[in-house]
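Residue numbers (full-length UniProt numbering), protein chains in the order written: chain E, 1 to 163; chain V, 1 to 163; chain F, 1 to 163; chain S, 1 to 163; chain Z, 1 to 163; chain Y, 1 to 163.
Protein chains: 6
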Amino acid sequence: MSKLTHLDGEGRARMVDVSHKPETKRRAVASGRLTCAAATLDAVLEGRAPKGAVISTAELAGVMGAKRTSDLIPLCHPLPLAKVAVTITPDAGLPGFQVSAEAITTGPTGVEMEALTAVSTACLTLFDMLKAIDRGMTIEAIQVDEKTGGASGDWTRRDPAAS
Amino acid sequence: MSKLTHLDGEGRARMVDVSHKPETKRRAVASGRLTCAAATLDAVLEGRAPKGAVISTAELAGVMGAKRTSDLIPLCHPLPLAKVAVTITPDAGLPGFQVSAEAITTGPTGVEMEALTAVSTACLTLFDMLKAIDRGMTIEAIQVDEKTGGASGDWTRRDPAAS
Amino acid sequence: MSKLTHLDGEGRARMVDVSHKPETKRRAVASGRLTCAAATLDAVLEGRAPKGAVISTAELAGVMGAKRTSDLIPLCHPLPLAKVAVTITPDAGLPGFQVSAEAITTGPTGVEMEALTAVSTACLTLFDMLKAIDRGMTIEAIQVDEKTGGASGDWTRRDPAAS
Amino acid sequence: MSKLTHLDGEGRARMVDVSHKPETKRRAVASGRLTCAAATLDAVLEGRAPKGAVISTAELAGVMGAKRTSDLIPLCHPLPLAKVAVTITPDAGLPGFQVSAEAITTGPTGVEMEALTAVSTACLTLFDMLKAIDRGMTIEAIQVDEKTGGASGDWTRRDPAAS
Amino acid sequence: MSKLTHLDGEGRARMVDVSHKPETKRRAVASGRLTCAAATLDAVLEGRAPKGAVISTAELAGVMGAKRTSDLIPLCHPLPLAKVAVTITPDAGLPGFQVSAEAITTGPTGVEMEALTAVSTACLTLFDMLKAIDRGMTIEAIQVDEKTGGASGDWTRRDPAAS
Amino acid sequence: MSKLTHLDGEGRARMVDVSHKPETKRRAVASGRLTCAAATLDAVLEGRAPKGAVISTAELAGVMGAKRTSDLIPLCHPLPLAKVAVTITPDAGLPGFQVSAEAITTGPTGVEMEALTAVSTACLTLFDMLKAIDRGMTIEAIQVDEKTGGASGDWTRRDPAAS
């Protein structure tokens, strides 16, 4: 069980000591998607309202959500985020929305959780804005696509955001 | 575009007026899952540590996350939650973890977003606690399974939490 | 000093007891403005980017800020907001941006502070997004324009948002 | 539009990457004022209660508000604040209150927004504590007076806090 | 174990369902104290600074802390607080400070935790402001003194705040 | 009064400037206890439920509470916590629970307040989970046991956690 770093020798949850780790630049990219009915996507793309309103609200919520990561995830370290960007792309093939987030920090731990929280919050916000017309939507495939920096080295998912 | 209640006539994002809606009991159930490598599930189930530590931490994070819903989702109304419960079940068939959340309020709007945020936060917490041994995990199928109460009536997903 | 309701008989700051007050519908409208250089307004209105990005970000920040009012203002009661809407209008005459916010609750106290906090947060967000090209901007004339509901009755500012 | 650093090439709101910027000492001073009726100022200055209660509550709220800046302003980076001080001075000439705030950090970005948020929160708190006796108050002239540190160099407003 | 209401039949932590409970007026009083060296108390009482600054800061922190109770205590219900007041009294006999808090709500659950969190936050703030001159201080005797309202009836501690 | 670093020369509360202090590794250990009826402790230790549920919930709340320290304590600097661990031990001799917390940072100020806030939040959470069966519990002896790092040097309480 020593591999589960968030538990001590007795299985007690703890925030791992990172005080001995150097502060280096770290970057993570995560993705996910919201699938909905074709008519729901159309309502966003073809409505009278600026099509950006739903998408830009969810992108902004994702950026702000990333800043709340250590408030939400009990054992996450607070990190001074250097960059967060969220991109939402309508995808008629799903139908639905592809969501991607990039997070960068200069710190002792990685930013995968910040990128994942950004994606997750953006998907929830899309859901909130569209649920009045489509209760059956689903949030899918939230995952880390790549990470760079840190002692464990760089890593890229072999099948990033496969849909 | 009038169907998108979170946008006004000009496509401006807003928090919808619910002051004319009666306060009634409302309940929502949402679900989702984290899929991981079989070895990751084994580390949780067969480790020396109390197997509950990973799961109970994520369940608690889900409950607390539900209480932050209106902080995270820009146009969500703050609601006096009357109950939140999160249940995480290991599932060797995935392999991974099934996550379910129930939220109840007495208020003018529904609690689907609170239930979804609980599931989402619980999944992110599982991810955080297991990512040191498995970077390739995926959060899947976050959706509303049922809702009761409110003017729009009761609703049950036809294929709840199909895995 | 008894008129200062937030102080007790000994001048001690306190959150006033509102448990005896009935829950009624209350509404408040507040306004303010950001004045900037004409070139700054032009950058927002005539840029290649969708002109809505700066404005919609600030409007959304205003809505979310209203929900944090009781976290920020020490003696404010937490309120279940029923509606928040923020409207930002470019105004070449200033030059700058007119900001207006409406807040509604059903509760025992008024929502002036929520409307004011929405305006204030929206103005700060405009400032943040434009400060790279204009450090000399000023936030002006944040005030309550009208309030309805509550024991003290309705009230309208005689010179609302005079600019 | 490239001058609007908070928007990417497509006008999408983002938190700008500051990971390449050195951590240096940065300081900002901001100011603003609350104007009120003469009788309102008198109630604070001549009341039976310690006159400091209204002012010290608002000063403290300003300090705490500065720490919430990155929660409130969507694209603000979280910063490790090294100092925040807020000073409120009654001013019979307005009549009202002059508010000033100083913020210092050692980090990759400036602290203008933290100083402005401190001033803004202090003004809102004054308003909250006095609104029972004076609904017509106005928050005026919130602006940056000076900043030091950072690649863009030092800057002083030519007409600081002109009233 | 059924007596431990925060655990379900399987020992899982949950937020108890209170949707069937009537909203009634509830009040709780809690107390505690900070004991310090006599010289520390003297520094507060006899210093050049207004003696109220340390005490009023801690009282205000207590009021604001009460509003964060459901954020801090995992299974606490969010409550619309109707009143919070914190009183700190220097006590040469300890030597130290007596801290008392009163909380009132109209809701389905009690406010003991809000009153206790107010006392606790006020004590921590006193500690923070005085620790530069006295590291050996101790927070003592945080307890509920009385509660009224709710199905379980009124209750008064037999030895309230005995010091 | 110069010894009270949180007050300036005029007794005004402020967040002290730490921008000139070097970032060094700092560690603090704090402790406290919850005393309860013997039957209450038995309900936790001998119940059908996993005995860890009450204790692990409170430990996790303590870790999360430490991360909110600068939100709660008005003049505390926000710190990038490198480690937080909370340990709760049932103690039949009290009867009750011994609570201990360790906090580590690399920063310009100490982490005593973070360790104390962790202990305090854990004690409040124990109280919340047990109050349905025991209203008379008391939180006792919250104190700093040791600190290392920083200009003021290492320090150990002569009678740590004496019960």
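For every residue, glycine included, the Cβ atom is placed at its ideal position computed from N, Cα and C.
Counting along the chain, where does the alpha helix (DSSP H) carrying Val111(E) start and finish? Following the DSSP letters along the chain, one finds Val111(E) in no alpha helix (DSSP H), marked with neither H nor E.
**Prompt:** Hey, how far is the Cα of Pro90(Y) from the Cα of Arg26(E)?
**Reply:** The C-alpha of Arg26(E) is placed about 41 angstroms away from the C-alpha of Pro90(Y).
* Say whether chain S places a C-beta atom closer than 8 angstroms to the C-beta of Arg157(Y). => no
Looking at C-alpha atoms only, which residue of Thr121(S), Phe97(S), Thr87(S) and Leu79(S) is the closest neighbour of Ile104(S)? From the listed residues Thr121(S), Phe97(S), Thr87(S) and Leu79(S), the smallest Cα separation to Ile104(S) is found for Leu79(S).
**Report entry** Cβ contact check for the region 95 to 112 of chain Y and the region 106 to 114 of chain Z: 3 or more pairs under 8 angstroms
**Finding:** no
- Nearest candidate by alpha-carbon position, reference Asp145(Z), set Arg12(Z), Ala151(Z) and Arg158(Z): For the residues Arg12(Z), Ala151(Z) and Arg158(Z), the minimum Cα distance to Asp145(Z) belongs to Arg158(Z).
Note to self: Determine whether the beta carbon atoms of residue 164(F) and Cys123(F) lie at a separation below 8 angstroms.
What the structure shows: Here chain F has residues from 1 to 163 only, and residue 164(F) is not among them.
- Message: At the level of alpha carbons, what is the spacing between Phe97(V) and Glu140(V)?
- Response: Approximately 10 angstroms, taken between the alpha carbons.
#### Entry: Near-chain F residues of the region 13 to 37 of chain V (beta-carbon distance less than 9 angstroms), N- to C-terminal order
Contacts with chain F (Cβ-Cβ distance below 9 angstroms) from the region 13 to 37 of chain V involve Ala13, Arg14, Met15, Val16, Asp17, Val18, Ser19, His20, Lys21 and Glu23, listed in chain order.
Spell out whether any CB of chain V is found under 8 angstroms from the CB atom of Ala101(Y). No, its Cβ sits nowhere closer than 8 angstroms to a Cβ of chain V.
| message | Once the 5 residues before and after Lys77(S) are set aside, which same chain residues still bring their CB inside 7 angstroms of it? | response | Checking the sequence, you will find His at residue 77(S) rather than Lys. Closer than 7 angstroms at the Cβ level, and outside the excluded window around His77(S), lie Met15, Val18, Ser70 and Thr109.
Q.
Tell me the DSSP secondary structure of Ser19(Z) in three-state form.
A. coil
query: Distance, Cα to Cα, Thr40(V) vs Gly62(Y)?
result: 27 angstroms
**Prompt:** In whole angstroms, what is the alpha-carbon distance linking Ala92(S) and His6(V)?
**Reply:** 46 angstroms
Handout entry: Own chain residues within Cβ distance below 8 angstroms of Leu81(F), not counting five before or after
Key = Ala66, Lys67, Ala103, Ile104, Thr105, Val111 and Glu114
Considering just the uninterrupted stretch of the beta strand (DSSP E) at Leu81(Y), what are its terminal residues? Leu81 to Asp91
CB-CB length for Ala30(V) against Ala101(V), believed under 8 angstroms:
5 angstroms
is_contact[Ala53(V), chain Y] using C-beta, thresh 8 angstroms: Yes, because at least one Cβ of chain Y sits closer than 8 angstroms to the Cβ of Ala53(V).
TODO: List the whole-angstrom C-beta distance separating Leu34(E) from Leu126(E), where the pair is believed to meet the contact cut-off of C-beta under 8 angstroms.
DONE: 5 angstroms
Check: Since Ile88(E) and Ala43(E) are thought to touch, with beta carbons under 8 angstroms apart, how far apart are those beta carbons, to the nearest angstrom?
Finding: That belief does not hold up - the Cβ atoms of Ile88(E) and Ala43(E) are roughly 15 angstroms apart, past 8 angstroms.
task = Flag residue 164(S) as yes if its beta-carbon sits less than 8 angstroms from any beta-carbon of chain F, otherwise no.
result = There is no way to answer for residue 164(S), as the model of chain S reaches only from 1 to 163.
Checklist entry - By the criterion of Cβ-Cβ separation under 9 angstroms, what are the contact partners of Ser120(Y) in chain E? => result Within chain E, no residue comes near Ser120(Y); the closest Cβ sits about 17 angstroms away, beyond 9 angstroms.
Using beta carbons (cut-off 8 angstroms, strictly below), is Gln98(Z) in contact with chain Y? no
| DSSP state of Asp145(E), grouped into three classes? | strand
Looking at the C-beta of Glu59(S), does it have a partner C-beta in chain F at a distance below 8 angstroms? At least 8 angstroms separates the CB of Glu59(S) from every CB of chain F.
Specify the secondary structure class of Thr40(Z) as computed by DSSP and reduced to three states. helix
To the nearest angstrom, how far is the alpha carbon of Ser152(E) from that of Val99(V)? 29 angstroms
**Message:** Between the alpha carbons of Glu23(S) and Gly149(S), how many angstroms are there, rounded?
**Reply:** Looking at the two C-alpha atoms, the distance is approximately 10 angstroms.
**Asked** With distances taken between CB atoms, is the gap from Met129(S) to Leu130(F) smaller than 8 angstroms?
**Response** Note that the C-beta distance between Met129(S) and Leu130(F) is not below 8 angstroms.
Any chain E beta carbon closer than 8 angstroms to Leu7(S)
no
Task: Beta-carbon proximity list for Pro134(Y), same chain, < 8 angstroms, skipping 5 on both sides - done: Sequence check: residue 134(Y) is Asp here, not Pro. Around Asp134(Y): Cys36, Ala37, Ala39 and Thr40.
Original post:
Buried or exposed: which applies to Gly9(Y), given that a residue is buried once 16 or more other Cβ atoms fall within 10 Å of its Cβ?
Top reply: exposed
* Quick one: which chain Y residues come within Cβ less than 7 angstroms of Gly136(Z)? -> Arg157
Original post:
Taking all protein chains shown into account, do 16 or more other C-beta atoms lie within 10 angstroms of the C-beta of Thr156(Y), making it buried, or fewer, making it exposed?
Top reply: exposed
Review point. Per DSSP, Ala28(F) is paired with what?
Key: According to DSSP, which records beta bridges pairwise, Ala28(F) is partnered with Ala103(F) and Lys147(F).
Item to complete: Return yes when the C-beta of Pro22(E) is under 7 angstroms from any heavy atom of the ligand SAM, and no when it is not.
Response: As presented, the structure is devoid of all ligands, the ligand SAM included, so that no description of it is given.
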